[in-house]
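In our numbering, the protein residues as written are -13 to 229.
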């Protein structure tokens, strides 16, 4: 049985999204339950240089499953002030992001970009507001260049530091502020969970049936929805329209 994937790529903010009830990983997992697998590939402390070099191993970890979409959320660590170990100059950051996007596009045309968010300068003095704005702008330009949907976290968060747990990472309310926006972006890319059949028949269709009848119903269901299904046809049209 074929479960396609939505893969979340990012740093610690993505990694920790599995730990909060409204975290992006759990939010999307609930939305796509029995339809798609949502896979968290967030890595604490990573910048784009590290993620770029890790991509082959990340792709290998996904196995033989096809990717229905990606969320790419990088830049928070790249944007520390020069001289800090994680700093990546803006031009290199832009090139790294474009390389990563190019690799993701080979696997799916559905990529949602997130900009870096806000931070508390009093608690993170290795960061600068004006410098961070350059990385936010770079992600905006990449979204425009590649015709990809964008969720601007700086605009969504405003100056509300209560959305941050430690001055940088997000509270549950912080994740709740933007997770629905990401789902909406995927819906606009023809990945609406309400339009996708659930995997395997509903239990109401199976209860009271014999083993042979259940086996037959499951086989018929998989044959109908797990071959050239709705999502496959949508992928074909997206690919065709992109050529």
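Backbone N, C-alpha and C define an ideal beta-carbon position, used for all residues, glycine too. These numbers were taken from a predicted model, which means no experiment stands behind them.
Closest by CA to residue -6, which one among -13, 35, 48?
For the purposes of this step, residue -6 is taken as residue 8 along the chain shown, with counting starting at 1. Closest option to residue -6, Cα to Cα, is 48.
Cα-Cα separation, residue 77 to residue 187:
As a working mapping, residue 77 is identified with position 91 in the chain shown. As a working mapping, residue 187 is identified with position 201 in the chain shown. For residue 77 and residue 187, the distance between alpha carbons rounds to 51 Å.
Is DSSP giving residue 55 helix, strand or coil here?
Within the chain shown, residue 55 is the residue found at index 69, counting from 1. Looking at residue 55 - three-state DSSP - the assignment turns out to be strand.
Residue 191, DSSP secondary structure in three states
Counting from 1 along the chain shown, the entry for residue 191 is found at position 205. Residue state, collapsed to three classes: helix.
Could you check if residue 33 is buried or exposed, using at least 16 other CB atoms within 10 Å of its CB as the buried criterion?
As a first step, residue 33 must be located in the chain shown, where it is residue number 47. Buried, since its Cβ has 16 or more Cβ neighbours within 10 Å.
Spatial distance of residue -3 from residue 181 (CA atoms):
The residue labelled residue -3 in the question sits at position 11 within the chain shown. The residue labelled residue 181 in the question sits at position 195 within the chain shown. Straight-line Cα distance between these residues: approximately 31 Å.
Rounded straight-line distance, which links the Cα of residue 171 to that of residue 105:
For the purposes of this step, residue 105 is taken as the residue at position 119 of the chain shown. For the purposes of this step, residue 171 is taken as the residue at position 185 of the chain shown. Rounded to the nearest angstrom, the two C-alpha atoms are 25 Å apart.
Look at the Cβ atom of residue 161, then the Cβ atom of residue 10, and state whether they are nearer than 7 Å.
The residue labelled residue 161 in the question sits at position 175 within the chain shown. The residue labelled residue 10 in the question sits at position 24 within the chain shown. A contact, by the Cβ cut-off of 7 Å.
Report the option in 113, 201, 166 whose CA atom is closest to the CA atom of residue 68.
By one-based count along the chain shown, residue 68 stands at place 82. Nearest neighbour of residue 68 by Cα position, chosen from 113, 201, 166, turns out to be 113.
Does DSSP put residue -9 in a helix, a strand or coil?
To locate residue -9, count along the chain shown from 1; it is residue 5. Residue -9: strand per DSSP, three-state reduction.
Could you pull out every unbroken beta strand (DSSP E) segment of at least 3 residues lying fully inside the segment 92 to 119, listed in chain order?
The qualifying runs are 97 to 100.
For a cutoff of 7 Å on Cβ pairs, would you count residue 169 as touching chain C?
Reference to chain C is not applicable here, since this structure consists of a single protein chain.
Are the beta-carbon atoms belonging to residue 22 and residue -8 less than 7 Å from one another?
Taking the first residue of the chain shown as position 1, residue 22 is located at position 36. Taking the first residue of the chain shown as position 1, residue -8 is located at position 6. Result yes, Cβ atoms of residue 22 and residue -8 sit closer than 7 Å.
Using the three-state DSSP reduction, which class does residue -2 fall into: helix, strand or coil?
As a position in the chain shown, residue -2 is number 12, starting the count at 1. Correct three-state label for residue -2: helix.
So, under 8 Å CB-CB, residue 0 and residue 59 are touching, yes? Tell me the CB distance rounded to an integer number of Å.
Looking up residue 0 in the chain shown gives position 14. Looking up residue 59 in the chain shown gives position 73. Indeed, because the Cβ distance is near 5 Å, the residues count as touching under 8 Å.
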